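Colleague:
Residue numbers (the numbering used here): 1 to 406.
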């Protein structure tokens, strides 16, 4: 995904064409995610969507590795979107099912670390391929990885089964008898979903708009070569790999509101630095400086937001809840590349784009005041003192009263 804009920019695709392909991929993913989540809540084993994902992804890679026109590019993106739609709800739900007595927050921190390591290695391979002039090799690498996943999951299936209602010592609030029709379980989840749309919008722009912004240059900042642009992206992902486990592990013993607050603030700082970089001839240094808060923000957001979904959702609805959470990535992947590509084409710089995203992060901070652990009965050992400080921090950044206790 990170290399796709660079690959098709090299054969004269416009930013709008690249963005529209990514958006169509995300659009088909929205439908498939809901289907996957509903099937998981009805007892489908988590391993089966992953198996289908690998087959769809391999087919997409075979198309994209030789695509030279918009139609072939679009077909490959449609298949990748379907694969992602099947994959994310299943793999996210499999984490708490596999944790046993381990807190699911630590499980998600470990899984996000593995994600970051895989993305970092893939982008490093892409950087080497760009330097050698064979950037499309990344699709061949992905196909090999998907084949490996298919073999592994056939030999070692994911943990599945009926302990949905007992996950993490979860306990439901008293039933009103109208839950099936009014879906009250969805309302506490809405702040997490709103924050996730904004955060994943920035992640989508890092994949689509940022590489193009770097290659094209901005108001005063000169453009970079494709290899240098991919090297900057690889550097950010290297930072993410380094930060993901220590940050995720640290935040797993703290409230999800605290972790999401830190993430949004760091995202806003990173966006501001990228925006300001447009104004200076040596602005590339500011882009480099922005990589650290961006990597920290991503490391804080990914495991914390997923754990927030677990804490805010009753166990019997977690398949659909994970699908809805995954839809935030899909919505962002539809809107952000289209809007970002159009804004880049219109203004020929990313100043306004990054200022808008930084402002959006600050605007959604107050929604954190409503988060509380509705479906988690245990507090991590030794975490109480930190949680008190977390509450004060969240109050300070959201301007709300302290009531966020885990």
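Quick reminder that beta carbons are idealized off the backbone N, C-alpha and C, glycines included. Remember, it's a predicted structure, so these values are computed and weren't measured experimentally.
Which residue marks the beginning of the alpha helix (DSSP H) containing residue 61, and which one marks its end?
Modeller: First-last of the alpha helix (DSSP H) with residue 61: 47 to 64.
Colleague: Classify residue 97 as helix, strand or coil using the three-state DSSP reduction.
Modeller: helix
Colleague: I need the straight-line Cα distance from residue 20 to residue 59, nearest angstrom please.
Modeller: 20 Å
Colleague: Considering Cα atoms alone, identify which of 5, 370, 4 is closest to residue 188.
Modeller: 370
Colleague: Work out the CA separation of residue 224 and residue 288 for me, nearest whole Å.
Modeller: 13 Å
Colleague: Can you look up residue 69 in the DSSP assignment and give me helix, strand or coil?
Modeller: Of the three classes helix, strand and coil, the one that applies to residue 69 here is coil, per DSSP.
Colleague: Candidates 222, 28, 95, 346: which alpha carbon is nearest residue 79's?
Modeller: 28
Colleague: Among the residues of its own chain, which have a CB less than 6 Å from the CB of residue 94, if the five just before and after it don't count?
Modeller: 46, 158
Colleague: Measuring alpha carbon to alpha carbon, tell me which residue in 116, 185, 331, 135 is nearest residue 317.
Modeller: 185
Colleague: Tell me whether residue 81 is buried or exposed, calling it buried when 16 or more other Cβ atoms sit within 10 Å of its Cβ.
Modeller: buried
Colleague: Quick check: the Cα distance between residue 4 and residue 208, rounded to an integer number of angstroms?
Modeller: Each residue's alpha carbon lies about 8 Å from the other.
Colleague: Count the other CB atoms, across all protein chains shown, that sit within 10 Å of the CB of residue 108; report buried if there are 16 or more and exposed otherwise.
Modeller: Buried: at least 16 other Cβ atoms inside 10 Å.
Colleague: Could you spell out the range, first to last residue, of the alpha helix (DSSP H) harbouring residue 365?
Modeller: No alpha helix (DSSP H) contains residue 365, which DSSP labels as neither H nor E.
Colleague: Taking 6 Å as the limit between beta carbons, can you name the residues of its chain near residue 308, skipping five residues before and five after?
Modeller: 192, 256
Colleague: Once DSSP output is grouped into helix, strand and coil, what is the label at residue 303?
Modeller: helix
Colleague: Do you know how far the Cα of residue 154 is from the Cα of residue 263?
Modeller: Straight-line measurement puts the Cα of residue 154 at about 36 Å from the Cα of residue 263.
Colleague: Contact check, residue 10 vs residue 142 under 8 Å by CB: the rounded distance?
Modeller: Not really, about 18 Å apart at Cβ, beyond 8 Å.
Colleague: Using the rule of at least 16 other Cβ atoms within 10 Å of the residue's Cβ for burial, across every protein chain shown, is residue 348 buried or exposed?
Modeller: exposed
Colleague: With respect to the alpha helix (DSSP H) encompassing residue 194, which residues constitute its N-terminal and C-terminal limits?
Modeller: For residue 194, the uninterrupted alpha helix (DSSP H) run begins and ends at 190 to 207, by DSSP.
Colleague: Alpha carbon to alpha carbon, how far is residue 130 from residue 91? Give it in angstroms, no decimals.
Modeller: 31 Å
Colleague: Out of 127, 26, 48, 213, which one is the CA nearest neighbour of residue 284?
Modeller: 213
Colleague: Is it buried or exposed, residue 144, if we count other Cβ atoms within 10 angstroms and call 16 or more buried?
Modeller: exposed
Colleague: Are the C-beta atoms of residue 325 and some chain B residue less than 8 Å apart?
Modeller: This model lacks chain B altogether; it includes just one protein chain.
Colleague: Output the boundary residues of the alpha helix (DSSP H) element that contains residue 111.
Modeller: 104 to 132
Colleague: Could you pull out every residue in the same chain whose Cβ sits closer than 7 Å to the Cβ of residue 340, ignoring the five residues on either side in sequence?
Modeller: For residue 340, where only same-chain residues beyond five positions count, the Cβ hits under 7 Å are 19, 205, 208, 209, 353.
Colleague: Would the region 29 to 42 count as touching the region 313 to 333 if we require 3 or more Cβ pairs under 8 Å?
Modeller: yes
Colleague: Of all the options 304, 67, 24, which has the alpha carbon lying nearest to the alpha carbon of residue 140?
Modeller: Nearest C-alpha to residue 140: 67.
Colleague: Classify residue 281 as helix, strand or coil using the three-state DSSP reduction.
Modeller: Residue state, collapsed to three classes: coil.
Colleague: In whole angstroms, what is the alpha-carbon distance linking residue 7 and residue 135?
Modeller: 6 Å
Colleague: Per the contact definition of three or more C-beta pairs closer than 8 Å, is the region 110 to 130 in contact with the region 263 to 275?
Modeller: no
Colleague: Assuming residue 203 contacts residue 299 (C-beta within less than 8 Å), just tell me the rounded distance between them.
Modeller: That pair is no contact at about 12 Å.
Colleague: Quick check on the DSSP output: the alpha helix (DSSP H) that includes residue 14 runs from which residue to which?
Modeller: Here residue 14 belongs to no alpha helix (DSSP H), and DSSP marks it neither H nor E.
Colleague: Under three-state DSSP, which class holds residue 350?
Modeller: coil
Colleague: Along the chain, where does the alpha helix (DSSP H) containing residue 241 start, and where does it finish?
Modeller: 226 to 251
Colleague: Just how far apart, CA to CA, sit residue 404 and residue 259?
Modeller: Note on residue 404: pLDDT 39, under 50, position unreliable in the model; no value is reported.
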